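Working notes, beginning with the structure itself.
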Amino acid sequence: MNNNNSTKTNIKNFFIFLSFICLYFFVNGFYIVKNTNQCIIVRLGKIYNVVSPGLHWKYLFLDKVSFVNTISVKKTVINNMLLTSDLNLVNMKIIIEYKISNPVAYILSKKNFLFMFYQSINSIINQLIGKVTINDLLTKNDNIISNEIKNKLQVIIKKYNFGINILDIYIDNITLPTEEQKLLNNFYPYQKK
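Position in the sequence shown (from 1) plus 400 gives the number in the numbering used here.
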């Protein structure tokens, strides 16, 4: 009889333990997606679902949840020393503003996104600035160059499906190396900023 009671106690303890485990998995499976985000659920290595803001539940060890902010504008600042067509060096600071437009494509390209994005931008900038002279660069309207960069970058973004949309590109600053800047200041009374 004592053995029978201990068996019942063991079974009872096992079910209590199992209930706590189930409760733990159930409670910890809940997550909240904020209004500014969309959520990508990856189940067993494949994209399973895209969920909108609100309260959701996931399988704790099967699902991986990635939040993607689709509302905020992200900025990337590129500082480059570039060579113009007349073999002059310029320091150029370009600011690129973008927004995530396709969360699934963004998540899929996320591992290589920054590297490929920077490589694409640098390639386009080097190509465009390498075709203009220093005089054209310092006197030309920044919007013309910015629009050329934006158009070429949009083609690459579409080709590689980064899942982003370029909102604006603007040239923040163009300066010459110190010695060249001193010489240029003697000829031009202002510096374009």
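In this text, a Cβ means the ideal position worked out from N, Cα and C, and glycines have one as well. Everything numeric in this text was worked out from a predicted model, so none of it was measured.
Beyond the five residues adjoining it in sequence on each side, D568 comes within less than 6 Å, by CB distance, of E497 in the same chain, given in chain order. In this structure, the beta-carbon distance from I495 to D572 falls below 8 Å. For M516, no pairing in a beta bridge is given by DSSP.
Contact between I447 and I440 holds: their C-beta atoms lie close to 6 Å from each other, under 8 Å.
Of the residues assessed, K458 falls on the buried side of the cut-off, its CB having 16 or more other CB atoms within 10 angstroms.
Separation of Y424 and N502 (C-alpha to C-alpha, rounded to the nearest whole angstrom) is 34 Å. If only complete runs of 4 or more residues are kept, the stretch 473-528 shows no alpha helix (DSSP H) anywhere. Per DSSP, the continuous alpha helix (DSSP H) segment holding S546 begins and ends at 542-560. At a Cβ-Cβ threshold of 8 Å, L576 and V490 count as neighbours.
A direct Cα-to-Cα measurement between M481 and M516 gives close to 19 Å. The DSSP-derived three-state label of N469 is strand.
Restricting attention to T484, I500, I524, D463, the CA atom closest to the CA of T533 is found in T484.
Going by beta carbons, N449 and N469 fall outside the 8 Å limit. The beta carbons of L462 and R443 sit closer together than 8 Å.
Around the CB of F562, 16 or more other CB atoms lie within 10 Å, so the residue is classed as buried.
Contact annotation: K499 and N565 have beta-carbon atoms nearer than 8 Å. Residues V468, I500, F513, F562, G563, I564 of the same chain have their beta carbon placed closer than 8 Å to that of Y506, with the five preceding and five following residues left out of the count.
For a cut-off of 8 Å, the C-beta gap from L537 to I529 is around 7 Å, short enough to register as a contact. Here L455 is near F430, since their CB atoms are less than 8 Å apart.
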